[in-house]
Structure formats: structure tokens, C-alpha cells
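This report refers to the structure that appears directly beneath it.
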Amino acid sequence: MSGGGLIRAALTNRSLVVGLVLSLVFVGAALISFIWVPQDVTALDIANKIKPPSAAHPLGTDHFGRDILSMIMVGARTSIAVAVVAVVIGMGLGVPLGLAAAARRGSLLDEVIMRGNDLVFAFPSLLIAIMITAVFGPSALNAIIAIGIFNIPVFARLTRGAALSLWTRDYVLAARVAGKGAVRISAEHILPNVTNLLIVQGTIQFSLGILAEAALSYVGLGAQPPIPSWGRMLADSQTMISLAPHMAIFPGLAILLTVLGLNLMGDGLRDLFDPRIRRDRR
Amino acid sequence: MSLLRIEGLSLAIHDYAILHDVSLTVAPGQIVGVIGESGSGKSMTALTVMQLLPEGAQATGRVMLDGQDVLQLSEADLCGMRGRVMGMVFQEPMTALNPIQTIGDQVAETILVHDRVSRAEARERARQALARVELPEDRFPLTRYPHELSGGQRQRVVIAMAIALRPRLLIADEPTTALDVTTQAQILKLLKRLVQEDGMGLLMISHDLAVVADMADQLVIMRHGRVVESGPSPDLFHRMQHPYSKALLAASTHQPDRAAQPQEVPLLEVRGVIRDYVTARKGIWGKPGTFRAVDDVSFRIRRGESLGLVGESGCGKSTLTRAILGLEEVQAGEILLDSQPVFTGHKPNRAVRRRMQVVFQDPYGSFNPRHRVERLITEPFHLLNAPPQGAARDAAIAEALESVGLTADDRHKYIHEFSGGQRQRIAIARALIIKPDLIILDEAVSALDVSIRAQILDLLADLGDRLGLTYLFISHDLSVVRQVTDRVLVMQAGRIVEQGETAEIFDAPAHPYTKQLLSATPRLPDITDA
């Protein structure tokens, strides 16, 4: 498909456009927060605590009088950073493992990689995250490591599955006839043909990473105060939910809309890359 | 009184015209063969009769079946007719059956859909239908699953489903294309018998002139959605008028001119090669078994020779190819190219490997869709210690593309911009670019239309003469092997059962298996008017 055709197809794909807009809103909010926020998120203003939305505080204030809009903007940084790095860890380790397992399918290496994956899959991910933070102390960095580890088997399995079918193609056989080794074939012929899948899965893992970061900071194991985080904002609001529902609603909405946007984007990208689905939808 | 009468049928899908003014008739008990190359509209004609057209299809004209115009019928009426009045057999028996249902249930289902009968009664009738397609219950119980049957047996089940309700019209779309030649002969015989017994009309669609010529009472030749010629079968071959029909017939029997004579020097020697595969172990503690795919195979190819290797699927042809190419190690024996082994130690010998190249069957699957042609065809340069760079590389690319009848400018295109025949030319260019001595053609023309196939065979013959190439021509299609090879090997169950000069083997086969293969091969009527 030509580049122009791809862009036109992308613009007519509703879930892709909606997902992209939602995601960009939150990425934009995170980027803007570096240069400007409505209020300082570390400044306490006890006199103005738990105020409902007003002109001065569009989304209201929390129990220390901090501006919720500003906290959501700065919190987006943490969420996005944790999720991005976790996906990068997952892809960076998972994809080569999956490619290696597929290149040596049926061998001891394949067994070791895939059974290792099963092991990580079999552990409840939140439990491991809690263990890691219990040992190394709660911080955003440890949350990233914990979430990243659980992304590895997801990408390894996906890559191996897709690569296995590619290894049976004639063009791979042709490359073997040309004397190319497994590493080279994986890089030249296998990886470029699984990138579509990886991009789609990456988007979905990205949204799961945001959810996982929210869950970890909700239980107090993510980013530590005074750095704002969506999960901890929810945790702080729960005792005051009947008194100040806006304290729970806005961070909750932020999580919901970001995850929704990323999932829609993943769906849209999958449709875009899979000509079969695209034709059916028309 | 005709059973099916198609009059002035035109079909467009999303405003793209597919069929133009197609007319044909099928009488009860008659076999009508529709022949055409890919894109001729032959399958679309069949789908129009069944009214199984894709979304957005607009058909005009009349398709009278049993006095009713199927184009005017409602979907509910059509459901009542499909299976009862008209049955259909598809090309691919592997995907036409549901893998998790027994064959008895699948045949009985067709009956239950149409007739208000008890389950027991439906099973009884399914049993009869399977017996009619020569799958008797004592040998093929109704509780068998599709994966327990061979390709030919599965196609029999598909036929049993189609004829269970004794339809008036049976449509068979390439019913034997996916099958081996001996199985094909059996299925064709079965279809012929069923037509005679039930007096049903058979509309048989095929790309293979020889298959249809043997079977049909009437022939319809289609091209670009039009009927170019039709008439009673054996006569039509003698009185062909339309240039396309003549060209099609000529292409089917095309014999490329070959000038080069093989030299008396062996290029490739295969001595006592054995290739065992380890099969899955039975249970966790069971011992893995072995399957001998190639069993003590020895032969040699002389320089400049074209050697054919024929055999049915699963006979070990592809395994042998991979062993010769040094892709897989053999368990015993040796393979020598110019007295050099293809495997030294456990490593493939690069010096030998760069002298052999291969062209595969599927023109669509043999290229990475993400690379440009120049990158695709220069892949074998990897085998060279000092691959050409810059201007020398450009010259090599241009030379390879031009030698296969493409232009040097095609190097910047992607593979999807080419047709099937052009892709096969690119595959040959990729094989030629490092100037090999031996080219292995693994079913290289089997997926091509006959007219394209004739062009590719000419190209191969021409290249062979000009560049002094040696070919190992692997095919299940005996007629093609006969046209292009000097000598032929016949392989069955991992062994070479017969080898010799092509003409001698085809005229006087010695081994029973060779005789069986040859007698099963469909033949065009002899039209050389003496």
C-alpha cells in the first residue's frame, strides 16, 4: 500500500482517530506540565481543601487543597513514563527471546525460553510487583521493573507464534538457500513482518501498564509523595468519596479515558494493518 | 429439455465487470466442462448458479434451473434448493470439511437440513451416500474424523455431502486440482459414474484442458469473463476456431526448443542418501519414532542435463531437494557437486552451495513482501565472499532482470506490483544472479496458468542453452516433465523405483508404479491430423 493510501485509510478509521485524539490529549497534558501547570502541586492550601470545581480550580481541590487538574497533568507524566519504559523492557527482551525460540523451534533453547515464560505468566503479576517493591522499596523505578518483567512473556509468545508461521514461508527457505543464518533471517525477514503485530500489542500493553501503575500506586507501591500519581489520588479520595466525589471522579476518568484511548488505538491499528479485517468493515 | 440454462449472464462486483454475456446449457446426465485460466470468470459463473456471490455483486440475464430463474428467487427459496437441487464440490478437501465433526455427522447434516427425518434415518442415508462414493462402512466407519482420511478420501466425503440428496445439478469447481494424479483419476471416474447412475448434470470447472477433455460431453472455453468457444467435447479439439482456444491448446502441449546436449560429465552425484525424521514421541516417556523420508537414493545429473524427478505428494521429493541444497543433514550417503560434498562436517559447504540455486512453486509466498526487487534478487550474493558493490552490483541486477525478460527499472518495485508469471521470472532472476551451475525447479511451473507456464518453460530452455545450466526439474505433473527433461527419476515412498531416458520411460514404463502414474495422467485427444 502506498503511503498516501495508508494515511487516508487511517483517517477513515473511527476507532483509530478517537483513540489517537484521546491518547494525544493525555500525552499533551503530560508534556505541557513540564513547562506550565495551573497551580504548584506541592503547595498545600489547607484553607481551600476539598473544594468542588470552580473557576480557580476547574476540577476542584483535594484534602490538602492541591489543584486536581494540575495533579492529573503531572500524574500523567508518571503513568506514561512507567508504561512506556515497561513496554520498552517487554519488547526489548521479549521480542529477541521470541525470535530465538522460533528460530530454534523444538530445541532445548526453545523449551527453556518458553517454559521460563510460562513461569512468569503463572505468577500473579501484582504479587510479584509487591514482592519487588517490598524488597527494594516502593518507587516509580521499581514499578517500572515489575511491570516490564510481566510484559516480556507477552511479547515473547506473540513473536514466537507469528515467527513460526513465517519460518515456513518459501522466502525464508530462499534466504537459507542463500546461506543466511538464523540471526540474519530473523532480522531481515522475520522481524519486519511481525512489526505490525508488535505495534498493536505494544499499544495494548501500554494501556495495561497505565492500569498496573495506577493499581501499584493505589496500594502505595508506586511513585512516592509528593510526586502526584493517578492511583494514589484515587486511594486518597476513597475515605471522602461521599463528601467530595470529584476527588475520585477526575483521576478515575483520566485513567479510564487514557486506557480507552490506547485500546481504541490498538484496535484501529490492527484493522489498519490487516487488510482482511479492513475490507470486511467497509 | 435442459436442466440448467444460463442466458446472457453478466455480473459486476462493486461496478467492476466480471462476466459478460455468458451463455451455456447443461442437460440431465450431461457433463459440461468449463475451462479457463485464472481470472476467466469460470468460478464466478458457478457461484452465480449457486447464488453464493460475494457482497456487492449485481447479476443480470437469466439462470434457469429446472424452469426457475435462480436470479429471481428469494434467499429462503435458494436455501431450499442448495444441496437438494444443486450440489457443489470445492477444490480444497482439506478445508471443505469441519475438522471436529465425524464424516457421518457431516453427511447426515445435509440431509437433516432439508428433510424432516429422524437422526437415525439421516445416518442411514449418510451411510448409503458414503457407500456410493466408495467409502463402505466396514472400512470407513461413520465415526471417522476428516484428519483420519487421505486427501482423496476427504474429497469423496465432500462429494457424498453434495450428492446425498441426489441433486439434479452438481457443480465441481476444480475438484481434483489439489490431488495427486492417481487419486485424481479415481475421483474423476467416481464423478462420471455418479452422473450416469443419477442422471444429474455436472458442471465441471477446471484450468486443466486434459482433465476436462477426458470427462466432458460439452466444453465451454472462457476468457476474461466471456465464453470464447463451446461445443461437443472430442470434436471441439479438431474444429477450434477462436485464436484463444487454439493458443490454450498449444500452450498445454507446448514443447520448448532445447539445443544444448548434456555432456558426459557428472555434475551432481547422489549416493545412497538416507534421510530419517524423528517423529513425535508417544506419551511423555515414549520413545520418539523415526520416519524414513528418503531411503537409499542414488542418481547423478550430467552437466547441461535436465533431469526430471516425479512422484506423488509425500514421496520424499522435497526432502531430497532440501538435502541436495545442504539445508538439512542426511543420515547416510553423500551428495557431491563436482566431487565436492555439500556438507562438510556438520556445516554446509559454502563453496558448493553458491553453485546451486532453487526456484519454488508458489510465486506469491517466495518473496518477502517488504523488500524491493533489487534486494530480493541479490539475496544469494550473501553466499559470495566478495559480493559485487556499486556499479558491478547494478550491472548484475540489470543483467539478471533482463535475462528473464524484465527491465532493469523493475528493480525499484515491490513484489506485489507483479503478476504470478512475472514473480516466477523474478524467482528465476534471483537464482541466476550468482551464476549457478545447477538450478533446482521445485514445482516451479505448477501454480501457473498454461499460457504463462509455456512462456516460463521457454525461458528456462533458452537460459539453459545460453548459460549452460543444469536443471533438476521436480514435478507431480508428468506431461510437463515429458516436455522439458532428458532423463527422469520416478520416486515412490522415499525410493527411486525407476530411472531412464524420458522418452523410454514414457513409452515403455517398466515398474508397475510408473505404469500406474502414466495411465492415470489425463491426456489431450490426439489432434495431429495425419
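As they're listed, the protein sequences go chains X and H. Take the first sequence: its letter number 50 is residue 50 in our numbering, and every next letter is one higher. Take the second sequence: its letter number 495 is residue 777 in our numbering, and every next letter is one higher. Note that the Cβ used here is the ideal one computed from N, Cα and C, for glycine as well. Because the structure is a prediction, the values reported are computed rather than measured.
Legend entry - Residue burial classification, D359/H (beta-carbon count within 10 angstroms, cutoff 16): Position 77 of the second sequence, counted from the start, is the residue given in the question as residue 359/H. Exposed, since its Cβ has fewer than 16 Cβ neighbours within 10 Å.
Legend entry - Beta-carbon neighbours of F649/H, restricted to chain X and to distances below 7 Å: As a working note, residue 649/H is residue 367 in the second sequence. Those are Y171, listed as they occur along chain X.
Legend entry - Opening and closing residue of the beta strand (DSSP E) in which R366/H lies: Taking the first residue of the second sequence as position 1, residue 366/H is located at position 84. Unbroken run through R366/H: none, as it is neither H nor E.
Legend entry - the region 72-92 of chain X touching the region 139-153 of chain X, judged by at least three CB pairs closer than 8 Å: yes
Inset, instruction - Pull up the distance between the alpha-carbon of A178/X and that of L739/H, whole angstroms please. - result: Residue numbering aside, residue 178/X sits at position 178 when the first sequence is read from its first letter. Residue numbering aside, residue 739/H sits at position 457 when the second sequence is read from its first letter. If I take the Cα positions, the gap works out to 24 Å.
Inset, instruction - List the residues of chain X that D644/H touches, going by C-beta distances under 8 Å, in chain order. - result: Here residue 644/H is taken as the residue at index 362 of the second sequence, counted from 1. Correct list: D170.
Legend entry - Closest residue to E406/H among P418/H, D420/H, A390/H, V395/H (Cα-Cα distance): For the purposes of this step, residue 406/H is identified with residue 124 of the second sequence, where counting begins at 1. Of the candidates P418/H, D420/H, A390/H, V395/H, the one whose C-alpha sits nearest the C-alpha of E406/H is A390/H.
Inset, instruction - For R176/X, go through chain H and note every residue whose CB falls closer than 7 Å to its CB, in chain order. - result: Locating residue 176/X in the first sequence gives position 176, counting from the first residue. Going along chain H in sequence order, the residues near R176/X (Cβ under 7 Å) are L609.
Inset, instruction - Return no unless some Cβ of chain H is closer than 9 Å to the Cβ of R104/X. - result: Counted from its first residue, the first sequence places residue 104/X at position 104. With 9 Å as the cut-off, R104/X does not count as an interface residue toward chain H.
Inset, instruction - Quick one: grab the DSSP three-state call for A668/H. - result: Walking along the second sequence from the start, residue 668/H turns up at place 386. Of the three classes helix, strand and coil, the one that applies to A668/H here is coil, per DSSP.
Inset, instruction - Run down chain X in chain order and give the residues with a C-beta less than 7 Å from the C-beta of L665/H. - result: If you number the second sequence from 1, residue 665/H lands on position 383. By Cβ distance, chain X contributes A178, G179.
Inset, instruction - Could you tell me whether the region 708-728 of chain H touches the region 647-659 of chain H, using the rule of 3 or more Cβ pairs below 8 Å? - result: yes
Inset, instruction - Determine whether the Cβ of R184/X lies closer than 9 Å to any Cβ atom of chain B. - result: The structure shown contains no chain B; the protein chains it does contain are X and H.
Inset, instruction - Figure out for me which residue from I722/H, F663/H, I659/H has the closest Cα to the Cα of K695/H. - result: Counting from 1 along the second sequence, the entry for residue 695/H is found at position 413. It is I659/H whose Cα lies nearest to the Cα of K695/H.
Inset, instruction - Indicate, with yes or no, if the ligand FMN has a heavy atom lying under 8 Å from the CB of Q774/H. - result: The ligand FMN is absent from the structure shown, which contains no ligand whatsoever.
Inset, instruction - Tell me whether H698/H is buried or exposed, calling it buried when 16 or more other Cβ atoms sit within 10 Å of its Cβ. - result: Within the second sequence, numbered from 1, the residue matching residue 698/H stands at position 416. Label assigned to H698/H: exposed.
Inset, instruction - Take A103/X and list the residues in its own chain whose beta-carbon comes closer than 6 Å to its own, dropping the five residues that flank it on each side. - result: As a first step, residue 103/X must be located in the first sequence, where it is residue number 103. Closer than 6 Å at the Cβ level, and outside the excluded window around A103/X, lie A182, S186.
Inset, instruction - Kindly list, in the order they appear in chain H, the residues whose Cβ is closer than 9 Å to that of N193/X. - result: The residue labelled residue 193/X in the question sits at position 193 within the first sequence. Those within 9 Å of N193/X in chain H are N650, P651, R652.
Legend entry - Residue-chain proximity (H63/X, chain H), Cβ-Cβ < 9 Å: For the purposes of this step, residue 63/X is identified with residue 63 of the first sequence, where counting begins at 1. Not an interface residue.
Inset, instruction - Quick one: residues in its chain with C-beta nearer than 8 Å to the C-beta of D499/H, no 5 flanking neighbours on either side, listed in chain order? - result: Residue 499/H sits at position 217 when you count from the first residue of the second sequence. If we look at D499/H and ignore the five residues flanking it on each side, its Cβ neighbours are Q312, I313, V314, P514, S515.
Inset, instruction - Inspect the CB distances between the region 749-760 of chain H and the region 668-675 of chain H and report whether three or more fall short of 8 Å. - result: no
Inset, instruction - With distances taken Cα to Cα, identify the nearest neighbour of P807/H among I583/H, K599/H, N631/H, V494/H. - result: Stepping through the second sequence from its first residue, residue 807/H is reached at position 525. The residue with the shortest Cα to Cα distance from P807/H is V494/H.
Legend entry - Inter-residue Cα distance where the pair is V95/X and L665/H: Taking the first residue of the first sequence as 1, we reach residue 95/X at position 95. Taking the first residue of the second sequence as 1, we reach residue 665/H at position 383. Roughly 28 Å separates the two Cα atoms.
Inset, instruction - Tell me, please, which residues DSSP counts as bridged to L771/H. - result: Indexing the second sequence from 1 puts residue 771/H at position 489. According to DSSP, L771/H bridges with L591/H, Q781/H.
Legend entry - Cα-Cα separation between V304/H and L291/H, rounded to whole angstroms: Here residue 304/H refers to the residue found at position 22 of the second sequence. Here residue 291/H refers to the residue found at position 9 of the second sequence. Their Cα atoms are separated by approximately 5 Å.
Inset, instruction - Determine the chain X residues that contact R637/H at a beta-carbon separation under 8 Å, and present them in chain order. - result: As a first step, residue 637/H must be located in the second sequence, where it is residue number 355. Correct list: empty, because the minimum Cβ distance to chain X is about 12 Å.
Inset, instruction - Measure the Cβ-Cβ separation of L745/H and P718/H and say whether it is below 9 Å. - result: As a first step, residue 745/H is located in the second sequence; it is residue number 463 there, counting from the start. As a first step, residue 718/H is located in the second sequence; it is residue number 436 there, counting from the start. Contact flag unset, no.
Inset, instruction - Spatial neighbours of S527/H within its chain, please: CB distance less than 7 Å, with the 5 preceding and 5 following residues excluded, ordered by chain position. - result: Within the second sequence, residue 527/H is the residue found at index 245, counting from 1. Same-chain partners within the cutoff: I503, V510, E511.
Inset, instruction - Counting only the same chain and skipping the five closest in sequence on each side, list residues whose C-beta sits under 8 Å from that of M247/X. - result: As a working note, residue 247/X is residue 247 in the first sequence. If we look at M247/X and ignore the five residues flanking it on each side, its Cβ neighbours are I50, G60, D62, H63, I68, M233, D236, S237, M240, I241.
Inset, instruction - Starting from the beta carbon of H246/X, find every residue of chain H whose beta carbon is closer than 7 Å, and list them in chain order. - result: Position 246 of the first sequence, counted from the first residue, corresponds to residue 246/X. Those within 7 Å of H246/X in chain H number zero; the least Cβ separation is about 49 Å.
Legend entry - Proximal chain X residues relative to R557/H, where beta-carbon distance stays under 7 Å: For the purposes of this step, residue 557/H is taken as the residue at position 275 of the second sequence. Within chain X, no residue comes near R557/H; the closest Cβ sits about 16 Å away, beyond 7 Å.
Legend entry - Local Cβ density within 10 Å of D455/H, reported as buried at 16 or more and exposed below that: By 1-based counting over the second sequence, the position of residue 455/H is 173. By the neighbour-count rule (16 or more Cβ atoms within 10 Å), D455/H is buried.
Inset, instruction - Compare the C-beta of V655/H against all C-beta atoms of chain X and say whether one is closer than 9 Å. - result: The residue given as residue 655/H occupies position 373 in the second sequence. It does not; no Cβ of chain X falls within 9 Å.
Inset, instruction - Kindly give me the distance between the Cβ atoms of P310/H and G483/H, rounded to whole angstroms, as I take these residues to be in contact under 8 Å. - result: Translated into the one-based positions of the second sequence, residue 310/H becomes position 28. Translated into the one-based positions of the second sequence, residue 483/H becomes position 201. Indeed, because the Cβ distance is near 6 Å, the residues count as touching under 8 Å.
Legend entry - Cross-chain neighbours of H57/X in chain H, by beta carbon under 9 Å: As a working mapping, residue 57/X is identified with position 57 in the first sequence. The contacting residues do not exist; H57/X stays about 52 Å from chain H at best.
Legend entry - Where D67/X falls: helix, strand or coil (DSSP): Sequence index remark: in the first sequence, residue 67/X carries index 67 (1-based). Note: D67/X maps to strand in three-state DSSP.
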